[in-house]
Amino acid sequence: MRQGDKVLGLACLLTLLHYTGAYMRVPVLPLYATAHGASPAAVGLIMGAHMVVAAISAIPFGLASDRWGRRTLLLGGMALSALTSLLLPLVSLPPGLMVIYGAAGLGVAAFTPSVMSLVGDVAAPGAMARAYGWYTMALYAGFGLGPILGGYVAQGWSERAAFVVAGIIIAASLAAGGMLPRVETGAARSAPLAAFDQVRRNRRVWAGWTATVSGLGLWGAILTFFPLLARERGILPLEIGLVLGVQAFVNTAARVPAGWLLDRTGTRRPYVLGGLVTAALATALLPHASGRADFVLLSAVIGAAFAMTFVAVGAALSEATTPATRGLAMGGYSTAIYIGMGLASITLGPVMAG
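Here the sequence shown is numbered in our numbering, starting from 64 and rising by one per residue.
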């Protein structure tokens, strides 16, 4: 087995463990905060602080990974994620929770562009999309497992126990990350201003960021407003969860096959555009669906379209950059994710109210 494949496998394992632990906190923290007197507005500020900090700091951390190495930023991000998880049970007032969960956003922002860049650095020739297929499959598996495990621990023991277990899981990923070798890319480091200028003039990078904002805008709209639509149609909460779960499952399972297809064809643009258009059309059809089976089918189509789109975007961004600027580009990608999801919730709320 190539050394690069071993590094890729370890990166996927770290991603799975880190995001399982990080996303254990997502459904539990609002419950914990409200149980200690936080208002809905305060809960929004606590959760929003995490996203805002992550969005703002992802680009600087991506640039730092280009200069100081992927391993340093990746391990530092996991350490901060573990520490903040273990600190959450020690505070209960909203200001303290907002500070700690905001700091947790720094951990995610340091980890994500670093590991995404590492995947691009070690991918085998002609297998870039497959590498991102494996990485994103691990990522979305963590997205799915984390909330389930967090809810299970919180219900069986307590919210505080869920935070502690999350910290232990992330600490385990940090211990495994100690085996990660330093990957020498042979690329000269660019001065920060020169790196920014190279990325600023790279139209392929901007295209990838724009596609990400567009796609995550769709996803954010579905996560925020589909439950409201389904409730109006008489769909039960469990069934709403099933519909969204189908989307998540297909999105995860289709990642590796999507990467194989993308590497076989050697092209990215048609799959990005085709995936976005397919997801947009399926999303537009959701209000016109007549029954539960229609919702499930459209959800599966959206999941497959997102899988194809974002494996292609990840591969395209990596191929459009050198190791000297890849972290910066992936930091921008992370920021685009948060912008897309935030814009959907903020701008479409008044539309739904009207």
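We treat Cβ as the ideally placed atom computed from N, Cα and C, and that holds for glycine.
When the options are compared against residue i, the one with the closest alpha-carbon
| i | options | result |
| --- | --- | --- |
| Arg-134 | Ala-173, Gly-168, Leu-153 | Ala-173 |
| Ile-365 | Thr-384, Val-340, Val-374 | Val-340 |
| Leu-286 | Leu-307, Ile-119, Leu-391, Ile-298 | Leu-307 |
| Leu-336 | Ala-352, Ala-392, Thr-273 | Thr-273 |
| Met-191 | Arg-130, Pro-244, Val-319 | Val-319 |
| Arg-332 | Ala-270, Val-309, Ala-343 | Ala-270 |
| Leu-344 | Ala-356, Arg-327, Ala-363 | Ala-363 |
| Arg-223 | Ala-74, Tyr-95, Arg-65 | Tyr-95 |
| Ser-102 | Leu-256, Arg-130, Arg-193, Ser-155 | Ser-155 |
| Glu-382 | Val-262, Ala-105, Leu-301 | Val-262 |
| Ala-378 | Leu-324, Phe-226, Met-404 | Leu-324 |
| Gly-297 | Phe-358, Arg-264, Lys-69, Ala-166 | Phe-358 |
| Ala-342 | Thr-275, Ile-163, Ala-166 | Thr-275 |
| Thr-147 | Met-87, Tyr-401, Gln-310, Tyr-396 | Met-87 |
| Leu-208 | Val-89, Arg-294, Ala-321, Thr-83 | Thr-83 |
| Gly-395 | Ser-128, Ser-221, Gly-322, Gly-230 | Ser-128 |
| Tyr-401 | Leu-301, Ala-118, Ile-232 | Ala-118 |
| Leu-149 | Phe-312, Ile-232, Phe-288, Ala-311 | Ile-232 |
| Thr-315 | Phe-373, Leu-360, Leu-92 | Phe-373 |
| Ala-399 | Gln-66, Val-115, His-81 | Val-115 |
| Gly-338 | Val-376, Ala-311, Val-309, Pro-93 | Val-376 |
| Pro-93 | Val-268, Phe-288, Pro-152 | Pro-152 |
| Phe-259 | Ala-105, Val-89, Arg-130 | Arg-130 |
| Leu-380 | Tyr-195, Gln-66, Ala-105, Ala-166 | Tyr-195 |
| Leu-301 | Pro-244, Leu-71, Gly-72, Arg-355 | Arg-355 |
| Thr-346 | Asp-326, Arg-327, Phe-312, Phe-288 | Phe-288 |
Residue burial classification, residue i (beta-carbon count within 10 angstroms, cutoff 16)
| i | result |
| --- | --- |
| Pro-157 | buried |
| Ala-187 | exposed |
| Gly-189 | exposed |
| Ile-303 | buried |
| Met-56 | A question about residue 56 goes unanswered here, because the residues of the chain that appear run from 64 up to 417. |
| Arg-266 | exposed |
| Trp-282 | buried |
| Ser-353 | exposed |
| Leu-299 | exposed |
| Arg-193 | buried |
| Pro-350 | exposed |
| Gly-100 | exposed |
| Gln-218 | exposed |
| Pro-176 | buried |
| Thr-410 | exposed |
| Gln-66 | exposed |
| Ala-167 | buried |
| Leu-361 | buried |
| Ala-85 | buried |
Sequence-distant residues of its chain with Cβ nearer than 7 Å to residue i (five each side left out)
| i | result |
| --- | --- |
| Thr-78 | Val-178, Tyr-198, Ala-201, Leu-202, Gly-205 |
| Met-161 | Leu-108, Ile-109, Ala-112 |
| Leu-237 | Leu-138, Met-141, Ala-142, Ala-145 |
| Gly-240 | Leu-77, Leu-137, Leu-138, Met-141 |
| Pro-90 | Pro-210, Gly-213, Gly-214 |
| Ile-163 | Thr-147, Leu-150, Leu-151, Val-154 |
For residue i, the first and last residue of its enclosing alpha helix (DSSP H)
| i | result |
| --- | --- |
| Ile-298 | No alpha helix (DSSP H) holds Ile-298; DSSP gives it neither H nor E. |
| Gly-159 | 157-185 |
| Ser-236 | 222-240 |
| His-99 | That residue, His-99, is in no alpha helix (DSSP H); it is neither H nor E in DSSP. |
| Gly-337 | 332-348 |
| Ala-368 | 355-382 |
| Ala-194 | 191-219 |
| Leu-151 | Segment: none, Leu-151 is in no alpha helix (DSSP H) and carries neither H nor E. |
| Thr-328 | 318-328 |
| Val-262 | 255-263 |
Chain-order list of residues whose beta-carbon lies under 8 Å from that of residue i (same chain, five-residue window excluded)
| i | result |
| --- | --- |
| Ala-317 | Gly-366, Ala-367, Ala-370, Met-371 |
| Leu-406 | Val-276, Gly-280, Gly-283 |
| Leu-80 | Gly-205, Ile-232, Ile-233, Ala-235, Ser-236, Ala-239 |
Beta-carbon contacts of residue i that lie in its chain and below 6 Å, excluding the five residues immediately before and after
| i | result |
| --- | --- |
| Ser-120 | Leu-169, Ala-172 |
| Pro-290 | Ile-303 |
| Ala-234 | Ala-145 |
| Ala-293 | Ile-303 |
| Leu-181 | Ala-74, Arg-133 |
| Phe-226 | Ser-148, Leu-151, Pro-152 |
Closer than 7 Å: residue i CB and nearest the ligand GDP heavy atom
| i | result |
| --- | --- |
| Ser-144 | By its list of ligands, the structure shown contains no ligand whatsoever, and the ligand GDP lies outside what it can speak to. |
Give a yes or no on contact between the region 122-136 and the region 389-401, applying the rule of three or more CB pairs nearer than 8 Å. Yes: the two stretches touch, three or more of their Cβ pairs being nearer than 8 Å.
Does the region 324-331 come close enough to the region 209-228 to have 3 or more Cβ pairs within less than 8 Å? Inter-segment contact for the region 324-331 and the region 209-228 is absent: fewer than three beta-carbon pairs are separated by less than 8 Å.
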